[in-house]
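Taking it in order: structure first as structure tokens, then the write-up.
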Amino acid sequence: MTIEIRRASTADWPAVWPLWQAIVSAQETYMYDPFTAAEQAQRIWFPDPPAETYVAVDGTSIVGTYLLKPNAVGPGSHVANAGFMVAPSARGKGIGRGLAEHCLQRAAELNYLAMQFNAVVATNTGAIGLWQSLGFSIVGTVPQAYRHRTSGLVDIHVMHRTLQP
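Residue numbers for the sequence shown follow the numbering used here, so the first one is 90 and each next one is one higher.
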């Protein structure tokens, strides 16, 4: 399998939407409303610059996506934030790692000094393991901050790593 990671365009949204909807409606990893309409979801995942959205393409199918943006505005804009989604049918094939490595490289190119994830759901052990293998640390935990569909109230972690000295 050869995966191409490229900058997304609004023309990609019809292919990204089912992936986004499936992951968000599962209520296992994202804090977005599971009943978010397609138009609102597009504004969330394809925001205006300086945010950048990318897709992972296998042949003609979009199998993953990420959103890179500043974690905050003004004095906090040197820290990046990102969100990642991989199609359930494409998991376990290294696509998430490929997207993460691409994102970290792109964030460094954009002169971000660090990356922070504000809400990594504690039951998402695959993501936590991936982020830790890429140098992220858990710098804080918010108790019972996520209402997981099957596990009930679970913790979320704030994860962080520096990108440049």
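Ideal Cβ placement from N, Cα and C applies to all residues, glycine included.
Restricting attention to beta strand (DSSP E) runs no shorter than 3 residues, the region 164 to 240 encloses them at 168 to 175, 203 to 210, 226 to 237, ordered along the chain.
Counting along the chain, Pro159 sits inside the beta strand (DSSP E) bounded by residues 150 to 159. Between Ala179 and Val210, the C-beta spacing is not below 7 Å.
The three-state secondary structure of Asp147, taken from DSSP, is strand.
Bounds of the beta strand (DSSP E) holding Glu93 are 92 to 96. Straight-line spacing of the CA atoms in Met248 and Leu219 works out to 11 Å. Taking the C-beta atoms as reference points, Val228 is found no nearer than 7 Å to Ile245. Residue pairing by DSSP places Val162 opposite no residue, since no beta bridge is assigned to it. The C-alpha of Pro177 is placed about 12 Å away from the C-alpha of Gly183. For Glu128, the enclosing alpha helix (DSSP H) starts and ends at 127 to 134. Note on Ala161: under 16 other CB atoms within 10 angstroms of its CB, so exposed under the neighbour-count rule.
For Gln110, the enclosing alpha helix (DSSP H) starts and ends at 102 to 114.
Under the three-state reduction of DSSP, Thr99 is assigned to helix. Pairwise C-beta distances place the region 198 to 212 in contact with the region 235 to 243, as three or more of them are shorter than 8 Å. DSSP, read as helix, strand or coil, puts Thr118 in coil.
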